[in-house]
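Trainee: Numbers 1 to 866, taken from the UniProt record's numbering, label the letters of the sequence shown in order. Virtual Cβ for every residue (Gly too), placed ideally from N, Cα, C. This structure is a prediction, so every number in the text was calculated from the model and none was measured.
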Amino acid sequence: MNTSAPDGRFDNPGQPDDERDGAERYDFRALQDKWLPVWEEQKPFRTDIEGDKRPRKYVLDMFPYPSGDLHMGHAEAYALGDVVARYWRQQGFNVLHPIGWDSFGLPAENAAIKRGLDPRQWTYDNIEQQHSSFKKYAGSFDWDRVLHTSDPEYYKWNQWLFLKMYEKGLAYRKASWVNWDPVDQTVLANEQVLPDGTSERSGAVVVKKKLTQWYFRITDYADRLLDDLKQLEGTWPAKVIAMQRNWIGRSIGADVDFAVEGRDEPVTVFTTRPDTLYGATFMVVAPDSDLAIELAAGSPSEEVRDRFASYLAEVQKSSETERQATDRPKTGIFLERYAINPVNGERLPIWAADYVLADYGHGAVMAVPAHDQRDLDFARAFGLPVRVVVDTLQPVTGVIPVLDPDDLPELEDLNPGTTGIALAGEGRLINSGPLDGLSKSNAIRKIIEILEAAGTGRPAKNYRLRDWLISRQRYWGTPIPIIHGADGQEYPVPEDQLPVELPPTEGLNLTPKGSSPLGAASDWVNVPNPVDGSPARRDPDTMDTFVDSSWYFLRFLSPNDSTQAFDPREVDKWAPVDQYVGGVTHAILHLLYARFITKVLFDLGYVSFTEPFSALLNQGMVLMDGSAMSKSKGNLVRLSDQLDEHGVDAVRLTMAFAGPPEDDIDWADVSPAGSAKFLARAWRLVLDVTSDPSVNWREGDRALRRQTHRFLAEAPGLIEAFKFNVVVARLMELVNAARKAIDSGPGGGDPAVREAVETIALGLSLFAPYTAEDMWSRLGYDASVANYGWRKADPSLLTQDLVTAVVQVDGKVRDRLEVSPKVEGAALEESARALPSVQRAIGDRTVVTVVVRAPRLVNFVTKPAS
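Below, the structure is given as structure tokens:
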């Protein structure tokens, strides 16, 4: 029976219990009040039981930010993650499923400033609220492993990690152009700038600002971060892997050194097409690069220097996305400086133009306008030369295409300077000296050999990925454990002085103002130099909160250990995470950083694996009427209201039943009320079960048993494939079958009915823990249904569906047999003769003949005995 419509609504959930006169009624509030304190006392999901020999699974949900009470997005994410954790526990695993709070960061600080509160008070009040809501929501968490990243006991180990990276040269400080959020008054990592050039936090247009900041050298790990994605294929969503590959953005090419007139050092340019060097007709530098500023300052023309300063100011008002737009008119300034092409000695004019970014390659590009559209657009805008060096009409395979001469364009029509269309296709090199006639790949190899021999170039890789900028000019974060001496040197805080705790907020102005408020905490910031005791100052910046979440999965393994960040023995037992659950919005930021830190810890000898999360499940968003929920749109659905109206189990079941986890859920298209009715119908079954728990199931109705065991056999594979909605649909079918058996079949005393209802309770425990626990208890069991274990399906009940054979005596139906569709005629006749009903009908008559039409019919034709 189909119990669900395609849109995820409940089509026929059955009659609610309260429509049955005199029946005990399903009351979700009573069930929640009954079982929550029992679970609080019993702690059924502890993982530190002495002598536990079960194999282990580590299931982790991306931990929440305490911005208020739980919302509908939380309801979905933690319902789905809990299905996985409960499933593996039923499969006989000791499952670690912890919860904590990602509690540092700008949202809490901004909310506290708005309300005139200390960020601590705002944060921990919200944690307390969420803690209570999580318990009510019945997640199978080990509540002895809770952590908060804003606790000094946690962020001490952020500082320890920073120092370990500093020792290895992976944490460093430099002056550079950074992304600046003008609203939150802090810097942002490249990953925190949205594609439209706005801040992911405040929504403000990000601008460039030159500051001295702390970085983690993630680019040292670019190749490993890219290549190790192969380990995750098949267990991570393909979309997430593609997003990480694109963000890392490895390009293969060459570094080419161009001498610059009037400059001692050459300018190095990265290019993926060194074969087109003979087509370079000018050079372009990013106006916000140090190189451009230096070249402009050395220009012989004061007018050029002034124009460049004005141009740079204008460029800094634009986002990188705007600068990269293909339909944007090209702008630039000729710096009246020249570079020398190393392959032919030509003087190339150097321009500053905003379509080149300071953090791409070395901040400079060789412009080959004939074969690059942006270079061509710039060349046409400023009347610069265009030289074709790749003949795209020449085949690269050696096979001459058969073309009608009339179909060939005129040669001048292919000139990009005329057509405005760059020749970006494959072809053979022309106008390129020793490269003439070579294909692209052969020409690249040849020109790199020439450059290497001359000492003017070498093979190189370039990445879109940039080093991770971790400094933040805000209060509510982990203080950076560096002391700056009067001599300008950096001195790490000794490990035995960790944690460097945040000072109280009294007397501090936390309002964003462009510099960290910690710099004004004089008693805190002014300290003696740890080496010689001379006056020194703490670093006033705090760390990006993505540092906190980059390794938290390890802290969960020993959250109360005050002697080390994590216990290596516990890491060996549990890590890496077997199943990670969270939104695709973290596909780049959090996941990339966690992968990086894991590889650093591997290199430092602290862990034995290189990927933190073996498998990843992304859930979609919860929408309302097709849009993201918000107060301003008037479509906000409050989780607390839904829980009060329908109950925890109904909301959880609705989330699982709505569709594949990765799809968005439109709350307008689902029915928590229908879920509640179904749960009432399922719960009502236990009231009608009259057989004892020790009853022999094999004596029960075979048809119902077959359906029960099909569910037992199919559900594990469906859960592991994340087809939670299909499992719920199968449960509905089984509930209907059990109800039919009770009302119009063998009745509630049939052993098969008990077996089916117990199986329903086991299945529901994945989605609706309160209902399942109460059913299990009423069925006569003491231990929690969550820890009972999944029952194995009986293979003999999983064979092809049986068919009904009609047994007649002299054409009258006397009985029926359930037989295999492949039953032999002789075996079918023998089984029919053995039926008591048939023997009574034949009596003392003589069987004249037997008509057998296997597998459907047996008819005994008789006559009176002579």
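Identify, in the order they occur along the chain, each residue of the same chain with its Cβ nearer than 6 Å to the Cβ of M62, setting aside the five sequence neighbours on each side.
Mentor: The residues are G582.
Trainee: Can you find the residues in the same chain that come closer than 6 Å, C-beta to C-beta, to G100, ignoring five residues on each side of it along the sequence?
Mentor: Only F63, V146 and L147 meet the Cβ criterion.
Trainee: Can you pull the DSSP bridge partners for N462?
Mentor: According to DSSP, N462 bridges with S251.
Trainee: What did DSSP end up calling S550 once you bin it into helix, strand or coil?
Mentor: In the structure shown, S550 sits in coil (DSSP, three-state: anything other than H, G, I, E or B).
Trainee: Just curious, the alpha helix (DSSP H) that L744 is in, first and last residue?
Mentor: The amino acid at residue 744 is misidentified as Leu; the sequence shows Ser. S744 -> alpha helix (DSSP H) spans F724 to S744.
Trainee: V858 to D794, Cα distance in whole Å?
Mentor: Each residue's Cα considered, the two are about 29 Å apart.
Trainee: On the three-state DSSP scale, how would you describe N618?
Mentor: Three-state DSSP puts N618 in a strand.
Trainee: Contact between the stretch 497–504 and the stretch 456–465: three or more CB pairs below 8 Å?
Mentor: Judged by Cβ distances under 8 Å, the stretch 497–504 makes no contact with the stretch 456–465, as fewer than three pairs qualify.
Trainee: How many angstroms separate the CA atom of L451 from the CA atom of T149?
Mentor: Rounded to the nearest angstrom, the two C-alpha atoms are 52 Å apart.
Trainee: Just list the alpha helix (DSSP H) runs in the stretch 48–136, keeping only unbroken ones of 4 residues or longer that don't cross its boundaries, in chain order.
Mentor: Counting whole runs of 4 or more residues, the stretch 48–136 contains the alpha helix (DSSP H) stretches 72–90, 106–115 and 119–136.
Trainee: Buried or exposed: Q15, going by 16 or more other Cβ atoms within 10 Å of its Cβ?
Mentor: Because Q15 sits at a pLDDT of 42, beneath the cut-off of 50, its placement in the model cannot be relied upon, and the following sentence gives the value as read from the coordinates. Looking at its Cβ environment, which holds fewer than 16 other Cβ atoms inside 10 Å, Q15 is exposed.
Trainee: Below 7 Å CB to CB, which residues in the same chain sit around Y87 once its five sequence neighbours on both sides are set aside?
Mentor: So the list reads I719 and L766, once near-sequence residues are dropped.
Trainee: Of all the options L554, Q579 and Y580, which has the alpha carbon lying nearest to the alpha carbon of E570?
Mentor: Of the listed residues, the one whose Cα sits closest to E570 is L554.
Trainee: So, with DSSP's three-state summary, where would you put T846?
Mentor: T846: strand per DSSP, three-state reduction.
Trainee: Is it buried or exposed, L679, if we count other Cβ atoms within 10 angstroms and call 16 or more buried?
Mentor: The residue in question, L679, is buried, as its Cβ has 16 or more Cβ neighbours within 10 Å.
Trainee: Can you check DSSP and say which residues form a bridge with E24?
Mentor: Paired residues: none, contrary to the question.
Trainee: Within its chain, find whatever has a CB closer than 8 Å to the CB of S630; leave out the 5 residues flanking it on each side and keep chain order.
Mentor: So the qualifying residues of the chain are L636.
Trainee: Answer yes or no: do A259 and P342 have a C-beta to C-beta separation smaller than 9 Å?
Mentor: Yes. Within cutoff.
Trainee: Going by Cα to Cα distance, which pick from W351, Q324 and D539 is closest to A296?
Mentor: Of the candidates W351, Q324 and D539, the one whose C-alpha sits nearest the C-alpha of A296 is W351.
Trainee: Beta-carbon within less than 6 Å of W790's beta-carbon, same chain only, minus the 5 sequence neighbours each way: which residues are those?
Mentor: Same-chain partners within the cutoff: Q90 and Q91.
Trainee: Ignore the nearest five residues each way along the sequence and tell me which others in L828's own chain have a CB closer than 8 Å to its CB.
Mentor: Answer for L828: A805, L817, V819, V852, A854, P855 and V858, listed in chain order.
Trainee: By how many angstroms is the C-alpha of W551 removed from the C-alpha of Y58?
Mentor: Going from the Cα of Y58 to the Cα of W551 covers about 15 Å.
Trainee: Among V726, V753 and G749, which residue has its Cα nearest to the Cα of V735?
Mentor: When only C-alpha atoms are compared, the closest one is V753.
Trainee: May I ask you to report which of helix, strand or coil DSSP gives W351?
Mentor: Strand.
Trainee: Closest to residue 880 by C-alpha separation, out of G361, W180 and A668, would be which residue?
Mentor: Look at the range of the chain in this structure, 1 to 866, and you will see that residue 880 is not part of it.
Trainee: Between which two residues does the beta strand (DSSP E) containing L518 stretch?
Mentor: L518 -> no beta strand (DSSP E), and no H or E assigned at all.
Trainee: Are A682 and I760 closer than 9 Å when you measure CB to CB?
Mentor: Yes. Within cutoff.
Trainee: Can you tell which of I340, R323, Q324 and L348 has the C-alpha that lies nearest to the C-alpha of residue 883?
Mentor: No information on residue 883 is available, as it lies outside the stretch 1 to 866 that the chain covers here.
Trainee: Kindly indicate which three-state DSSP category L403 falls into: helix, strand or coil?
Mentor: Only weak support exists for where L403 lies, its pLDDT of 36 falling under 50; the value from the coordinates is given anyway. Note: L403 maps to coil in three-state DSSP.
Trainee: Between M283 and the rest of its own chain, which residues show a CB-CB distance below 8 Å, the 5 nearest in sequence each way excluded?
Mentor: Counting only Cβ-Cβ distances below 8 Å, and skipping sequence neighbours, we find F258, V267, V269, A339, L348, P349, I350, W351, A364, V365, M366 and A367.
Trainee: Any idea what DSSP makes of G457, helix, strand or coil?
Mentor: Of the three classes helix, strand and coil, the one that applies to G457 here is strand, per DSSP.
Trainee: Using a Cβ-Cβ distance under 9 Å, would W143 count as near chain B?
Mentor: Absent here is chain B; the protein component of the structure consists of one chain.
Trainee: Restricting to Cα atoms, I'd like to know which of G105, G51 and L60 is closest to D548.
Mentor: For D548, the nearest C-alpha among the options comes from G105.
Trainee: Give the range of the beta strand (DSSP E) segment to which P416 is assigned.
Mentor: First-last for P416: P416 to T419, but that is the alpha helix (DSSP H), not the beta strand (DSSP E).
Trainee: Express the C-alpha separation of L384 and I470 in angstroms, rounding to a whole number.
Mentor: When rounded, the distance between both Cα atoms is 42 Å.
Trainee: Using CA coordinates, which residue listed in D532, V193 and E714 is at the minimum distance from Q489?
Mentor: Nearest option by C-alpha distance: D532.
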